[in-house]
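*Asks:* Numbering (the numbering used here), first residue to last: 129 to 295.
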Amino acid sequence: MDPVWARVVAKSLADAVNAVGLSIPGIEFVEHKAVAVTHRGDLLRFVRLGKLVEWAEPQPDTLVPLQARLVNNGGGSDLFDDNEIPVVLVGTSYSANPLWSFESALKLEIGADVMNVADEGLGPIEPMAGYLQSDTFVGSQPKLVIWEIPERFMAKPYPEEVFKLSF
């Protein structure tokens, strides 16, 4: 996922949320583009080119991360307001790494604050299991959980105990 696709996916999710009539308190974010950065993705290590590497190796990506800056919090600015975050994002490094801009794109498209509990290097299952067993989830359940699962994890077998939760 890159910042462009993050925005497309976030827009699709926002449309789906609106279609089912999920009531999420609206706040306003404005788009801000950060400074361009060069990024060499971790999946390049799977590209085995041998002696061809010098002329056929993929070049690093140039990314312009998207940032969402809060403009209007919907009138809730008092010290003792309920600061419950209605949307939680769980997933892999695609969701955790701000270079891919998925969290920011969700804030912009859904118009709600997003708590990002995704983690890098753990796959999609471990961060979700950790979140569901956390005090954060047990104490304040969100209106919407977005779980990013890359396709390559769909065919991977997981032991049954991974899905057993104890509350």
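For every residue, glycine included, the Cβ atom is placed at its ideal position computed from N, Cα and C.
This structure is a prediction, so every number in the text was calculated from the model and none was measured.
DSSP on N70, reduced to helix/strand/coil?
*Replies:* Nothing about residue 70 can be reported from this structure: the residues present for the chain run from 129 to 295 only.
*Asks:* Buried or exposed: which applies to N146, given that a residue is buried once 16 or more other Cβ atoms fall within 10 Å of its Cβ?
*Replies:* exposed
*Asks:* Indicate the three-state DSSP secondary structure (helix, strand or coil) for E156 in the structure shown.
*Replies:* strand
*Asks:* Within a Cβ cutoff of 7 angstroms, which residues of the same chain sit near E248, ignoring the five residues on either side of it in sequence?
*Replies:* For E248, where only same-chain residues beyond five positions count, the Cβ hits under 7 angstroms are S221, A224 and N225.
*Asks:* Do K235 and I152 have their C-beta atoms within less than 7 angstroms of each other?
*Replies:* no
*Asks:* According to DSSP, is K139 helix, strand or coil?
*Replies:* helix
*Asks:* What residues in its chain sit with their C-beta under 6 angstroms from that of R299, if we drop five residues either side in the sequence?
*Replies:* Shown here, the chain extends from 129 to 295; a query on residue 299 therefore has no answer.
*Asks:* For S140 and A134, I'd like the C-alpha separation in whole angstroms.
*Replies:* 10 angstroms
*Asks:* What is the DSSP secondary structure of M256, counted as helix, strand or coil?
*Replies:* helix
*Asks:* For a test of the three-state rule: what should DSSP assign to T264, helix, strand or coil?
*Replies:* helix
*Asks:* Against chain B, with Cβ distances strictly below 7 angstroms, would V199 count as a contact?
*Replies:* The structure shown has no chain B; it contains just one protein chain.
*Asks:* Going by the CB atoms, is the gap between V242 and V215 shorter than 7 angstroms?
*Replies:* yes
*Asks:* Which residues does DSSP list as the beta-bridge partners of D122?
*Replies:* Outside the shown range of the chain, which is 129 to 295, sits residue 122, and nothing can be said about it.
*Asks:* So for L250, helix, strand or coil by DSSP?
*Replies:* coil
*Asks:* Is A164 buried or exposed, if buried means 16 or more other CB atoms sit within 10 Å of its CB?
*Replies:* Using a 10 angstroms sphere on the CB of A164, the tally of other CB atoms stays under 16, which defines it as exposed.
*Asks:* Using only alpha-carbon positions, find the residue among P278, E279, V273 and Y286 that is nearest to L150.
*Replies:* V273
*Asks:* Between L180 and W228, what straight-line distance do the alpha-carbon atoms span, to the nearest angstrom?
*Replies:* 29 angstroms
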